[in-house]
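Worksheet for the structure shown next.
Residue numbers (the working numbering): -8 to 143.
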């Protein structure tokens, strides 16, 4: 079985994700790096390369997620599944800090995902601060599958 994802599937996934990371909502236009096509359930855990198991992820979120499917909620100590950007609503599990630079987990899934994917790592928080100043961030909710869009 080939691991190559056809270009048509890549384009379809990127369009469905509105060219944003499904986890931190970073927009391809401001990220400074190409988005990855991410396996929600990693191939190492039996996930397929079918479009229903693929979503867009920034290099930070994808590298920290790796082959993880679950993580520990720091509040309850329970292991929970990571956020699924294809099937779950972003705003049900996360919100932006008042200054728009940090993602705050609202649920066990949200909190565990923030920690596991290091969604507030020191480098991305600095970048978000600049994006806020430029008026590009935080994204304004659009309402479908957690995909949000920033104000232009």
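Cβ atoms here follow ideal geometry from the backbone N, Cα and C, with glycine treated the same way. Values in this document were obtained by computation on a predicted structure and should not be read as measured data.
By DSSP, does residue 65 sit in helix, in strand, or in coil? Indexing the chain shown from 1 puts residue 65 at position 74. If DSSP states are grouped into helix, strand and coil, residue 65 belongs with coil.
When you compare the CB positions of residue 29 and residue 46, do they come within less than 7 Å of one another, or not? What you label residue 29 is simply residue 38 of the chain shown in a count that begins at 1. What you label residue 46 is simply residue 55 of the chain shown in a count that begins at 1. Result yes, Cβ atoms of residue 29 and residue 46 sit closer than 7 Å.
Inter-residue spacing [alpha-carbon to alpha-carbon] between residue 87 and residue 70: Translated into the one-based positions of the chain shown, residue 87 becomes position 96. Translated into the one-based positions of the chain shown, residue 70 becomes position 79. Looking at the backbone, the Cα of residue 87 and that of residue 70 are separated by about 23 Å.
For the region 7 to 67, list the beta strand (DSSP E) runs that are entirely contained and at least 3 residues long, ordered along the chain. Counting only runs of at least 3 residues, the region 7 to 67 fully encloses the following beta strand (DSSP E) elements, listed from N- to C-terminal order: 27 to 30, 45 to 48 and 61 to 63.
May I ask which residues mark the beginning and end of the beta strand (DSSP E) holding residue 85? Taking the chain shown and counting its residues from 1, one reaches residue 85 at position 94. Counting along the chain, residue 85 sits inside the beta strand (DSSP E) bounded by residues 85 to 87.
Taking the CB atoms as reference points, tell me whether residue 33 and residue 58 lie closer together than 7 Å. Counted from its first residue, the chain shown places residue 33 at position 42. Counted from its first residue, the chain shown places residue 58 at position 67. Result yes, Cβ atoms of residue 33 and residue 58 sit closer than 7 Å.
Helix, strand or coil, according to DSSP, for residue 140 in the structure here? As a working note, residue 140 is residue 149 in the chain shown. Confidence at residue 140 is low in this model, with a pLDDT of 40, below 50, so its placement is unreliable and the value that follows should be read with caution. DSSP places residue 140 in strand when its eight states are reduced to three.
Where do the ends of the beta strand (DSSP E) carrying residue 95 lie? Position 104 of the chain shown holds residue 95. Note, residue 95: beta strand (DSSP E), 94 to 96.
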